[in-house]
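In the numbering used here, the protein residues as written are 421 to 492. For each residue, glycine too, the CB sits at the ideal point set by N, CA and C. Read the structure below first, then the notes.
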Amino acid sequence: EGKTLKLKITGMTCAGCSNHISNALKEVDGIIEHKVEYPGDLATIQYDPSKKNPEAIKKVIEKTGYKAEIIK
Ligand code: 9UX
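Next up, the structure:
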């Protein structure tokens, strides 16, 4: 059920920041499950590849104001 995507996040400075990202990811069709870790600076996302690709997911995160780099 879905594929896993991991991104390294840059710019989070408190736990509220991970919530900003999490709230954005919640609204995205095609994201099945997600976890944003602060501290740790890691986002782990389970997604449906027929609905979203990794670049689109990265853009969702960057729209919230943080930098995201696909690591896996
Ligand atoms: Mo914490 Mo993040 O006060 O934008 S929520 S810095």
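query: Distance, K428 Cα to I491 Cα; result: 7 angstroms
query: Distance cut-off 8 angstroms: G436 Cβ against heavy atoms of ligand 1; result: yes
query: Three-state class that DSSP yields for K487 in the structure shown; result: strand
query: heavy atom of ligand 2 below 8 angstroms from T433 C-beta; result: Ligands present in the displayed structure are limited to ligand 1, and ligand 2 is not among them.
query: Opening and closing residue of the beta strand (DSSP E) in which K446 lies; result: Segment A435 to K446 is the alpha helix (DSSP H) holding K446; no beta strand (DSSP E) there.
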